[in-house]
Ligand code: SF4
């Protein structure tokens with residue numbers, strides 16, 4: 002194994018293997034699979050006959066996504082194909098033997114695409130300027146092309162609940178928009194449906210799962226780019242809320258699914274201009290009431306009943 006991969010010591014590997022049979026780990030695995038199953042069901046992410054191309058970066062999130070999808074497919078009442086896909090962007094030190102070896106070891110169909118977007122980005126973007134937007138544009142084009150080549154009807158990405166909340170606050174704090182990351186979207190050209198089956202999974206659960214599974218993690222900073230400072234700030238804010246105010250993050254995540262346009266102020270979403278005595282409001286007239294704020298518990302998902 003290449004030295005750049007997060008090395009798993011022999012002791013850690015043995016501990017992890019032992020842990021994989023512990024009740025605590027089996028409960029965690031079941032919880033993640035249930036969360037993924039619920040998200041798939043709630044948003045109708047995968048149906049019979051779909052080909053799901055799962056984008057694998059070599060990070061904990063995408064390994065966890067692949068693992069949950071493979072486990073769910075075993076007991077799903079629908080039949081779908083999974084193809085793991087990795088884009089090798091030729092970043093310096095990228096260990097290109099790790100993912101093929103891992104995919105072979107678990108017996109999943111896979112496609113590795115090698116394209117030197119790293120050199121293009123370095124060429125086009127002046128030193129010191131942020132490279133992420135060109136890099137992700139190039140990556141998106143290659144991912145869509147590969148999806149077409151393998152006949153994928155769904156492209157699965159490993160973003161989780163906490164990524165979605167961070168994006169919500171990034172957009173509110175720095176972009177003047179209430180906008181997060183959707184669990185399901187269609188590409189601008191209308192050809193691809195992108196899904197985020199980890200939408201209900203917490204980063205903490207994924208981290209614990211990935212550690213015990215001892216996935217061969219590939220570091221995400223090979224391009225030399227630093228994590229966005231604003232995102233770091235938001236992450237720290239959410240983490241401190243999670244510590245200080247139990248339940249707040251869960252309530253925020255629930256809020257993403259309970260938007261009341263008539264109680265915001267966006268004239269494109271709700272026709273405030275024509276509000277009159279005949280207008281019915283979604284949540285009724287609460288102009289003079291105190292807010293009552295129950296956090297709505299998540300509902301159950303029917304497609305993978307045993308998850
Ligand atoms: S962090 Fe690096 S690899 Fe990721 S989008 Fe930015 S430039 Fe590309």
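In the numbering used here, the protein residues as written are 2 to 308. Just so you know, even glycine gets a beta-carbon here, dropped at the ideal spot from N, CA and C.
Closest Cα partner of residue i within the set the options
i	options	result
residue 57	97, 203, 191	97
residue 112	119, 118, 103	103
residue 109	165, 221, 85, 208	85
residue 144	55, 121, 180	55
residue 185	197, 146, 179, 177	197
residue 228	99, 20, 132	132
residue 18	259, 210, 241	210
residue 240	42, 45, 163, 41	163
residue 118	35, 194, 13, 95	95
residue 171	223, 234, 216	234
residue 189	203, 141, 253, 45	141
residue 46	81, 75, 14, 270	81
residue 77	178, 187, 41, 202	41
residue 202	83, 267, 61	61
residue 93	283, 238, 28, 224	224
residue 284	255, 27, 91, 263	263
residue 90	222, 187, 258	222
Alpha-carbon to alpha-carbon, residue j and residue i
i	j	result
residue 1	residue 230	The chain is shown only over 2 to 308; residue 1 falls outside these bounds and no answer can be derived.
residue 191	residue 154	12 Å
residue 304	residue 272	Per-residue confidence for residue 304 stands at a pLDDT of 45, beneath the threshold of 50, marking its modelled position as unreliable; the derived number appears in the next sentence. Their Cα atoms are separated by approximately 37 Å.
residue 236	residue 199	18 Å
residue 156	residue 73	17 Å
residue 120	residue 168	28 Å
residue 206	residue 33	7 Å
residue 275	residue 261	17 Å
residue 150	residue 106	24 Å
residue 128	residue 176	25 Å
residue 180	residue 174	11 Å
residue 289	residue 37	40 Å
residue 204	residue 16	22 Å
residue 243	residue 278	42 Å
residue 116	residue 136	12 Å
residue 39	residue 66	14 Å
residue 256	residue 35	20 Å
residue 247	residue 83	37 Å
residue 70	residue 134	29 Å
residue 28	residue 208	15 Å
residue 251	residue 232	19 Å
residue 195	residue 146	13 Å
residue 59	residue 238	27 Å
residue 270	residue 249	26 Å
residue 123	residue 267	40 Å
Beta-carbon proximity check, residue i vs residue j, cutoff 8 Å
i	j	result
residue 159	residue 226	no
residue 152	residue 52	yes
residue 99	residue 220	no
residue 79	residue 49	yes
residue 21	residue 280	no
residue 166	residue 253	yes
residue 13	residue 148	no
residue 139	residue 114	no
What residue ranges within the stretch 247–292 form continuous alpha helix (DSSP H) runs of no fewer than 4 residues, ordered along the chain?
249–256
Environment of the ligand SF4 in chain order, Cβ to heavy atom below 6 Å:
132, 133, 136, 137, 224, 226
Would you mind listing the beta strand (DSSP E) stretches within the stretch 8–80 that are 3+ residues and don't spill past its ends, in chain order?
Unbroken beta strand (DSSP E) stretches of 3 residues or longer found wholly inside the stretch 8–80: 52–56, given in chain order.
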